[in-house]
Amino acid sequence: MFGSKLDIFKKEWLDVVFANRNKEYGAYDLRKFAPKATNIGLFAITASVLVLSAPKVFNIKIFPDKPVEEAPMITEVTLEDLEIPEPEKEEEEPLPPEEEQPQRIAQEPPAEDLVRFPEPKVVPQQQVKEEVVTQEEIKKENKTPARITLKGTKGASGVPTGEFGPKKVEGAITGSAEGKPDGNPDIDKVFTAVEVNPDPQGGINAFRKWVQESYSYPQGAIDAGVKGQIVVSFVVERDGSLTDMKVVKDLSYGTGQALINVLKKAKKWKPGIQNGRPVRVQYQLPMTLDLQQ
Numbered sequence: 046m047f048g049s050k051l052d053i054f055k056k057e058w059l060d061v062v063f064a065n066r067n068k069e070y071g072a073y074d075l076r077k078f079a080p081k082a083t084n085i086g087l088f089a090i091t092a093s094v095l096v097l098s099a100p101k102v103f104n105i106k107i108f109p110d111k112p113v114e115e116a117p118m119i120t121e122v123t124l125e126d127l128e129i130p131e132p133e134k135e136e137e138e139p140l141p142p143e144e145e146q147p148q149r150i151a152q153e154p155p156a157e158d159l160v161r162f163p164e165p166k167v168v169p170q171q172q173v174k175e176e177v178v179t180q181e182e183i184k185k186e187n188k189t190p191a192r193i194t195l196k197g198t199k200g201a202s203g204v205p206t207g208e209f210g211p212k213k214v215e216g217a218i219t220g221s222a223e224g225k226p227d228g229n230p231d232i233d234k235v236f237t238a239v240e241v242n243p244d245p246q247g248g249i250n251a252f253r254k255w256v257q258e259s260y261s262y263p264q265g266a267i268d269a270g271v272k273g274q275i276v277v278s279f280v281v282e283r284d285g286s287l288t289d290m291k292v293v294k295d296l297s298y299g300t301g302q303a304l305i306n307v308l309k310k311a312k313k314w315k316p317g318i319q320n321g322r323p324v325r326v327q328y329q330l331p332m333t334l335d336l337q338q
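Here is the structure:
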C-alpha cells in the first residue's frame, strides 16, 4: 500500500471527486494546488536551515567583530621637587604718627556766659593771634572771665571743673566728647559702657541677694509651675536712682513685673562716671526662677 503511486490530488481524481459539483467554490483549487504548495514549503524550509547552519558549519562570520581599542599607554613620570621662589616683600610705608588728642575740660553748665580771658603775655605785635576783651567789656555785658568761651544756662550754677587729656588746648569747649558751642552737655544721653560702672550700695552680690529675698513669686506662675530666667533693664541716673524699668525677657504670669516692683524699692546706686562726671547708664539684671530652689 505504501509503495502505491496513487495520487489523490491528480487532476483526474479531482475531476472524478468534483464531478457535478461547484468547482468555483475554492476547495477544488486548494486540492489542485496542494502538491505545488508542499514542494514550495519544503524548499523554503530546507533553504532556511542551510542558510542558518552554514556559518556554524563553515565558521563564516556574518557580522565582523568590533575592533578592540587598545588601552592607552601610561608612562610613569617622576616629578622633581622644584623650589618656588618667594615673592618679594613690598616695603611697607610707615604709618603716620598718631596725632595727640587735644585736652578736654569736663564742666557743668555755668549760670553766666563765660568769655575767654587768657593770661596776658608780652609779645611783639605781629605775633598777636587773637583780640583780648577788656575789663570794661566784661562788666558791661555781665560776663565771667574764664579760660574758655561758653554760653551760660539759665538757672545753672556750675562752672568748668577738672582737666583731662595729654595737653591743653586754649579755648576748648567741652561737656561731651566733642563739646557743644552752646555749652549744654549731653546730660540726657544714656550710656551702655562707661569708664566707671554704676554700683549698688554694698556691691552687686549683696544687691542680687536682696532682690532674690524680696521677690514675690506670682500665684499664677506657682500654679503653672513656671521656671526659667527673666531679664529686666533699667537706667541708673546721675544721682544713682533707678528709672526707665522695662521687662526684656518674661515668663508670663506677671513674673517680669514682679521683679520691677522689687527694683522700685531699691536704694540709690553709685552712678556711672564718664570723663570725670556722672552720667546715665543702662543696666540689665537677669534673675532665674525655680520653685524647687
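Under my numbering, the first residue of the sequence shown is numbered 46, with each subsequent residue one higher. Heads up, the beta-carbon is just placed ideally off N, CA and C, and yes, glycines get one too.
Hey, would you say Met332 sits closer than 9 Å to Val276, going by beta carbons?
In the sequence shown, residue 332 corresponds to position 287, counting from 1. In the sequence shown, residue 276 corresponds to position 231, counting from 1. For Met332 and Val276, yes; Cβs fall inside 9 Å.
Below 7 Å CB to CB, which residues in the same chain sit around Asp244 once its five sequence neighbours on both sides are set aside?
Against the sequence shown, residue 244 aligns to sequence position 199. Result list for Asp244: Trp314, Lys315, in chain order.
In the structure shown, what three-state DSSP assignment does Val326 receive?
To locate residue 326, count along the sequence shown from 1; it is residue 281. If DSSP states are grouped into helix, strand and coil, Val326 belongs with the strands.
Per DSSP, what are the beta-bridge partners of Thr237 in this structure?
As a first step, residue 237 is located in the sequence shown; it is residue number 192 there, counting from the start. In the DSSP output, where bridge partners are listed per residue, Thr237 has none listed.
Since Ser259 contacts Lys310 with CB under 8 Å, what's their CB separation in whole angstroms?
Residue mapping note: residue 259 aligns to position 214 of the sequence shown, counting from 1. Residue mapping note: residue 310 aligns to position 265 of the sequence shown, counting from 1. Right, the Cβ-Cβ distance comes to about 7 Å (below 8 Å), so this counts as a contact.
Tell me the DSSP secondary structure of Pro331 in three-state form.
The count along the sequence shown starts at 1 and reaches residue 331 at position 286. Strand, per DSSP.
Taking the C-alpha atoms as reference points, what is the distance between Ala217 and Asn320?
For the purposes of this step, residue 217 is taken as the residue at position 172 of the sequence shown. For the purposes of this step, residue 320 is taken as the residue at position 275 of the sequence shown. Low confidence applies here, because Ala217 scores a pLDDT of 43, under 50, leaving its location unreliable; read the following figure in that light. Cα-Cα distance, rounded: 15 Å.
Skipping 5 residues on each side, what residues in its chain have a beta carbon closer than 8 Å to that of Gly248?
Here residue 248 corresponds to residue number 203 of the sequence shown, with the count starting at 1. Its chain contains no residue whose beta carbon lies nearer than 8 Å to that of Gly248 once the 5 sequence neighbours on both sides are disregarded.
Identify whether Val94 lies in helix, strand or coil by the three-state DSSP scheme.
Against the sequence shown, residue 94 aligns to sequence position 49. Secondary structure of Val94 (DSSP, three-state): helix.
How would you call Ala269, buried or exposed, if buried means at least 16 neighbouring beta carbons within 10 angstroms?
Start at 1 with the first residue of the sequence shown, and residue 269 comes out as number 224. Its Cβ having fewer than 16 others within 10 Å, Ala269 is exposed.
For Gln302, collect the residues of the same chain with a Cβ closer than 6 Å to its Cβ; drop the 5 residues on either side in sequence, then sort them by chain order.
Residue numbering aside, residue 302 sits at position 257 when the sequence shown is read from its first letter. Taken in chain order, the list of residues that qualify is empty.
Expressed to the nearest angstrom, what Euclidean distance is found between the alpha-carbon atoms of Phe103 and Ala72?
Position 58 of the sequence shown holds residue 103. Position 27 of the sequence shown holds residue 72. Each residue's alpha carbon lies about 45 Å from the other.
Are Ile267 and Arg325 closer than 9 Å when you measure CB to CB?
The residue you call residue 267 lines up with position 222 of the sequence shown. The residue you call residue 325 lines up with position 280 of the sequence shown. In this structure, Arg325 does not lie closer than 9 Å to Ile267 by Cβ.
Would you tell me roughly how many angstroms separate the C-alpha atoms of Ala82 and Phe88, rounded to the nearest one?
For the purposes of this step, residue 82 is taken as the residue at position 37 of the sequence shown. For the purposes of this step, residue 88 is taken as the residue at position 43 of the sequence shown. If you draw a straight line from the Cα of Ala82 to the Cα of Phe88, it comes to about 10 Å.
Rank Ile318, Pro263, Gln327 by C-alpha distance to the C-alpha of Asp335 and give the top, closest one.
In the sequence shown, counting from the first residue as 1, residue 335 sits at position 290. Considering only Ile318, Pro263, Gln327, the residue with the shortest C-alpha distance to Asp335 is Pro263.
Which value, in whole angstroms, describes the spacing of the CA atoms of Ser286 and Lys312?
The residue given as residue 286 occupies position 241 in the sequence shown. The residue given as residue 312 occupies position 267 in the sequence shown. When rounded, the distance between both Cα atoms is 7 Å.
Can you give the Cα-Cα distance for Ser297 and Phe236, rounded to whole angstroms?
Counting from one through the sequence shown, the residue named residue 297 turns up at place 252. Counting from one through the sequence shown, the residue named residue 236 turns up at place 191. Spanning the two alpha carbons is a distance of roughly 29 Å.
Sequence-distant residues of its chain with Cβ nearer than 7 Å to Asp289 (five each side left out):
Counting from 1 along the sequence shown, the entry for residue 289 is found at position 244. Counting only Cβ-Cβ distances below 7 Å, and skipping sequence neighbours, we find Phe279, Val280.
Classify Ser278 as helix, strand or coil using the three-state DSSP reduction.
Start at 1 with the first residue of the sequence shown, and residue 278 comes out as number 233. Three-state result, Ser278: strand.
When the distance is taken between beta carbons, is Leu330 closer than 9 Å to Arg253?
Within the sequence shown, the letter at position 208 stands for residue 253. Within the sequence shown, the letter at position 285 stands for residue 330. Their beta carbons are under 9 Å apart, which means Arg253 touches Leu330 by this criterion.
Whose CA, out of Ser261, Gly299, Val241, lies closest to the CA of Gln327?
Taking the sequence shown and counting its residues from 1, one reaches residue 327 at position 282. The closest CA to that of Gln327, considering only Ser261, Gly299, Val241, is found on Val241.
From Val62 to Lys101, what does the alpha carbon distance come to, in whole angstroms?
Start at 1 with the first residue of the sequence shown, and residue 62 comes out as number 17. Start at 1 with the first residue of the sequence shown, and residue 101 comes out as number 56. Their Cα atoms are separated by approximately 49 Å.
Helix, strand or coil at Lys315 [DSSP, three-state]:
In the sequence shown, the residue the question calls residue 315 occupies position 270. For Lys315, the secondary structure class from DSSP, reduced to helix, strand or coil, is strand.
Flag this pair as yes or no: are the beta carbons of Val256 and Gly317 separated by less than 9 Å?
In the sequence shown, residue 256 corresponds to position 211, counting from 1. In the sequence shown, residue 317 corresponds to position 272, counting from 1. In this structure, Gly317 does not lie closer than 9 Å to Val256 by Cβ.
Closest to Pro323 by C-alpha separation, out of Ser261, Glu282, Val307, Thr300, would be which residue?
Numbered from 1 along the sequence shown, position 278 holds the residue referred to as residue 323. Ranking the options by Cα distance to Pro323, first place goes to Glu282.
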